[in-house]
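Engineer: Residue numbers (the numbering used here), protein chains in the order written: chain A, 69 to 425; chain B, 69 to 425.
Glycine included, C-beta positions come from ideal geometry on N, C-alpha and C.
Here it is, the structure in full.
Number of protein chains: 2
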Amino acid sequence: MAKVHNFSAGPGILPAEVLQQAAAACLNFDNMDLSILEISHRSKNYVAVMDEARQLIKDLFEVGNEYEVFYLGGGASLQFAMVPYNLLTENGFAAYVNTGVWASKAIKEAKIIGNTKVIASSEDKKFNYVPKGYEIPKDADYFHITSNNTIYGTQMKSFPKSPVPTVCDMSSDLFSRKVNANDFALIYAGAQKNMGPAGSTMVMVRKDVLGKTNRKMLSMLDYNVHIKGESMYNTPPVFPVYVSMLTLRWLKEHGGVSWIEKINQQKADLLYNEIDRNECFVGTVEKADRSNMNVCFLPTKPEYEAEFDKMIKAERIDGIKGHRDVGGYRASLYNAMPIESVHVLVDVMKAFEKKIG
Amino acid sequence: MAKVHNFSAGPGILPAEVLQQAAAACLNFDNMDLSILEISHRSKNYVAVMDEARQLIKDLFEVGNEYEVFYLGGGASLQFAMVPYNLLTENGFAAYVNTGVWASKAIKEAKIIGNTKVIASSEDKKFNYVPKGYEIPKDADYFHITSNNTIYGTQMKSFPKSPVPTVCDMSSDLFSRKVNANDFALIYAGAQKNMGPAGSTMVMVRKDVLGKTNRKMLSMLDYNVHIKGESMYNTPPVFPVYVSMLTLRWLKEHGGVSWIEKINQQKADLLYNEIDRNECFVGTVEKADRSNMNVCFLPTKPEYEAEFDKMIKAERIDGIKGHRDVGGYRASLYNAMPIESVHVLVDVMKAFEKKIG
């Protein structure tokens, strides 16, 4: 039977060889004759996994020892709270850009902790573009952005120069393209798009921004506790981190971020070109801000949907239904998505136009 | 080659059939032709997993709809903070019993949040017994205990009748024996002993104890948010919850808690009887408080250790080294540990005595 083309917005597609290795480790990890699901996280074999995963993140970001990397549970949603808890001072304020659902949630949590200003928003047009040309206050404790918006399909193509530490939620486009990581004070990302399965979240932070709030902190919410514990203050999400390590190793071994960036651009171009050419579909996002990860488009007539749904199902195209806030379709083109699957989708779109026409 | 006998204190041994199913799902989950590591947590196949896992917990605890169950990331350590965050009022206080490292950590976090009294402790004897005969203050917001102490090998054999809601950390003996769950207002447990792999934590709470603090709460730390989100407020730890569900299903299908309790008693009796009989070893814990999950013992002469270590290694006995706070040996006998492995250990202990004698 033909393979399933997995366009899921997340948890999303992972490399086939990673899935094979993950399955094998469930039975016998590292020739220990034990499953990775039942070994101590303090065993030397597993400590090596955690160390490699953390180093791979630093390698892929090309940062030095002024940065610390650790994995946590709780998803990016927990980071929405932990970022202000660790960085927002009592008399200071944080500056946020609101580019959609996830940014809004981050803002909501920051407001519970301290003063928070929304300095730019694209809410006026249902988040179908990325705000630009705003000024970042020089006296903010930090400046928070969301690099890619999974739901609305927008992506920041460049990052404003900031006079204060920049914090970025990169959950849905992490390691999909070159960024200058040294421009950021803190980057976080739920693993379940480009970095592994659900259940672990990566935090990379430049150490000098920590320890400034005087807040008496709960241990599990204190970045310094996790740094000191070398990402094992308590039992980490052992298997999710292992599969994340395999995914990062796959990326590095195949050529790293510059390799995948080219492929991701080809995939996105292929699909956006078809959306723009095809009279039956229309993109939802301003062209300059279109995400290379999450491609949102609508049928030009609502009644097309039922027939198109039938045709994509016949080709085993999966996970392409648009988010309820946008409707239509959303094709997620994460790192592990082969261009062949995008061709299959584009071919169905062409066939649909022919059929309708 | 002989199998490895996995006495790890946690993450600990899981049933062989669960490991097989977990490995298979990494390649093809539920005949979807997709890995469980790359599917949406909102897919109907996965929602069914989450629902089954939550229901299994209620079934095994034999509780009704006044209780809610959900899974979180972050381990029991995050619950050390979330319990007081959700239950400890501004002018109230919490009553804790200190029975070791984990209870101490829970107390430390509670003190950051509000007034906390330690009403009993076994610290005077390096936590080698469980305090008894203390009075639980009638005006406490809640009473917190740790049912089993993984590090020191003690276990509460009964639970005091409490005039206030009882909160229990059952991380290391959950579902190993019958307890009257209806006597508890809140039970939490890191999954990585009797309930699955690392990466998810179970919380079961009686709804009436929530919503009393007037605290403005961060979403991810608010139990009511997770209840309302049916354990999917945000992306859950998909795979850890799946393997937890398989482990709970295994337990229920084989006869449930009353079935495993008998086997666990046989395993513990077998090993403790040998410790008491054998002149080369001595238990570390007061007999009445010995844990059926974590059996701690020392060689009667320190110089025995090198030779005994060699002998257990030859039999592929793994994960039995004692915690650095106690020394010697700790054999963890979690639900999935077959009695055959305990026989192998006991036989080595007998052989060692013979050799020394």
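Quick check on the burial criterion: 16 or more other C-beta atoms within 10 angstroms. Buried or exposed for A:Val350?
Structural biologist: Exposed.
Engineer: Assign A:Tyr202 to buried or exposed, taking buried as 16 or more other Cβ atoms, counted over all protein chains shown, within 10 Å of its Cβ.
Structural biologist: A:Tyr202 is exposed by the Cβ-count criterion.
Engineer: Here's the rule I'm using: 16 or more other beta-carbon atoms within 10 Å means buried, otherwise exposed. How should A:Ser326 be labelled?
Structural biologist: By the neighbour-count rule (16 or more Cβ atoms within 10 Å), A:Ser326 is not buried but exposed.
Engineer: If the cut is a Cβ gap below 7 Å, which residues of chain A does B:Met288 touch?
Structural biologist: What B:Met288 touches in chain A: Gly142, Ser145, Leu146, Ala149.
Engineer: With DSSP collapsed to three states, give me the class of B:Tyr291.
Structural biologist: Helix.
Engineer: Are the stretch 110-117 of chain B and the stretch 248-256 of chain B touching, with three or more C-beta to C-beta distances below 8 Å?
Structural biologist: The answer is no - the stretch 248-256 of chain B does not touch the stretch 110-117 of chain B, with fewer than three Cβ pairs under 8 Å.
Engineer: Checking contacts by CB at 8 Å: is B:Ala374 closer than that to chain A?
Structural biologist: With 8 Å as the cut-off, B:Ala374 does not count as an interface residue toward chain A.
Engineer: Under 8 Å: do the stretch 88-102 of chain A and the stretch 412-425 of chain A share three or more Cβ pairs, one atom per stretch?
Structural biologist: Contact fails: fewer than three Cβ-Cβ distances are below 8 Å.
Engineer: Could you list which residues in chain A have their beta carbon closer than 8 Å to that of B:Val72, in chain order?
Structural biologist: The contacting residues are Met100, Asp101, Leu102.
Engineer: Among B:Tyr135, B:Asn282, B:Asp290, B:Asn362, whose alpha-carbon lies nearest the alpha-carbon of B:Lys261?
Structural biologist: Answer by Cα proximity: B:Asn362.
Engineer: For the beta strand (DSSP E) containing B:Lys185, name the first residue and the last one.
Structural biologist: B:Lys185 -> beta strand (DSSP E) spans 183-189.
Engineer: From A:Ala382 to A:Gly78, what does the alpha carbon distance come to, in whole angstroms?
Structural biologist: Approximately 22 Å, taken between the alpha carbons.
Engineer: According to DSSP, is A:Gln88 part of a helix, a strand, or is it coil?
Structural biologist: Three-state DSSP puts A:Gln88 in a helix.
Engineer: For the stretch 324-338 of chain B and the stretch 281-289 of chain B, state whether three or more C-beta atom pairs, one from each stretch, are separated by less than 8 Å.
Structural biologist: Judged by Cβ distances under 8 Å, the stretch 324-338 of chain B makes no contact with the stretch 281-289 of chain B, as fewer than three pairs qualify.
Engineer: Put B:Ser312 into one of helix, strand or coil per three-state DSSP.
Structural biologist: The answer is helix: DSSP assigns B:Ser312 an H, G or I state.
Engineer: From A:Val232 to A:Lys355, what does the alpha carbon distance come to, in whole angstroms?
Structural biologist: Rounded to whole angstroms, A:Val232 to A:Lys355 spans 29 Å at the Cα level.
Engineer: Within 8 Å of any Cβ in chain B, is that where the Cβ of A:Cys364 sits?
Structural biologist: A:Cys364 does not count as touching chain B.
Engineer: Between which two residues does the beta strand (DSSP E) containing B:Glu136 stretch?
Structural biologist: 135-140 is the span of the beta strand (DSSP E), which, as asked, contains B:Glu136.
Engineer: Considering only C-alpha positions, which residue in the set B:Gly182, B:Lys275, B:Arg384 is nearest to B:Phe75?
Structural biologist: Measuring from the Cα of B:Phe75, the nearest candidate turns out to be B:Arg384.
Engineer: Please compile the residues from chain B whose C-beta is within a distance smaller than 8 Å of the C-beta of A:Asn113.
Structural biologist: Under the 8 Å cutoff, chain B gives no residues; its nearest Cβ is about 12 Å from A:Asn113.
Engineer: Grab the span of the alpha helix (DSSP H) containing B:Ile125 for me, first residue to last.
Structural biologist: Per DSSP, B:Ile125 belongs to the alpha helix (DSSP H) from 112-129.
Engineer: Going by the CB atoms, is the gap between A:Met272 and A:Met263 shorter than 8 Å?
Structural biologist: Result no, Cβ atoms of A:Met263 and A:Met272 do not sit closer than 8 Å.
Engineer: Among residues of its own chain, excluding the 5 on either side of A:Leu401, which ones have a beta-carbon nearer than 8 Å to its beta-carbon?
Structural biologist: So the list reads Phe75, Asn332, Lys335, Ala336, Leu339, Asn360, Met361, Asn362, Val363, Val410, once near-sequence residues are dropped.
Engineer: Which partner residues of A:Gln223 appear in the DSSP bridge assignment?
Structural biologist: DSSP lists A:Asn216 as partners of A:Gln223.
Engineer: Assuming B:Leu316 contacts B:Leu124 under a Cβ cut-off of 8 Å, what Cβ separation, rounded to an integer in Å, is found between them?
Structural biologist: Confirmed, Cβ separation roughly 4 Å.
Engineer: Using the Cβ count rule (16 or more neighbours within 10 Å means buried), how would you classify A:Ala419?
Structural biologist: With fewer than 16 other Cβ atoms within 10 Å, it is exposed.
Engineer: Name, going along the chain, the residues of the stretch 296-329 of chain B whose beta-carbon falls closer than 9 Å to a beta-carbon of chain A.
Structural biologist: Those residues of the stretch 296-329 of chain B that come within reach of chain A (Cβ to Cβ, closer than 9 Å) are Tyr301, Asn302, Thr303, Pro304, Pro305, Val306, Phe307, Pro308, Val309, Val311.
Engineer: Specify the secondary structure class of B:Pro367 as computed by DSSP and reduced to three states.
Structural biologist: B:Pro367 falls in the strand class under three-state DSSP.
Engineer: Would you give the residue range spanned by the beta strand (DSSP E) that A:Val273 belongs to?
Structural biologist: Per DSSP, A:Val273 belongs to the beta strand (DSSP E) from 269-274.
Engineer: Would A:Arg122 be called buried (16 or more neighbouring beta carbons within 10 Å of its own) or exposed?
Structural biologist: A:Arg122 comes out buried.
Engineer: Can you check whether the CB of A:Pro205 is closer than 8 Å to the CB of A:Ile219?
Structural biologist: Contact flag unset, no.
Engineer: Look up B:Arg358 in the DSSP assignment and give the residues it is bridged to.
Structural biologist: B:Arg358 is bridged to B:Thr222.
Engineer: Whose CA, out of A:Thr157, A:Asp276, A:Pro265, lies closest to the CA of B:Val309?
Structural biologist: Nearest C-alpha to B:Val309: A:Pro265.
Engineer: Should B:Glu134 and B:Lys275 be called a contact, given that it needs their Cβ atoms to be closer than 8 Å?
Structural biologist: Contact: yes.
Engineer: Within the same chain, show all residues whose beta-carbon is closer than 6 Å to that of A:Pro305, passing over the 5 residues directly before and after it, in chain order.
Structural biologist: Gly141, Gly267, Ser268.
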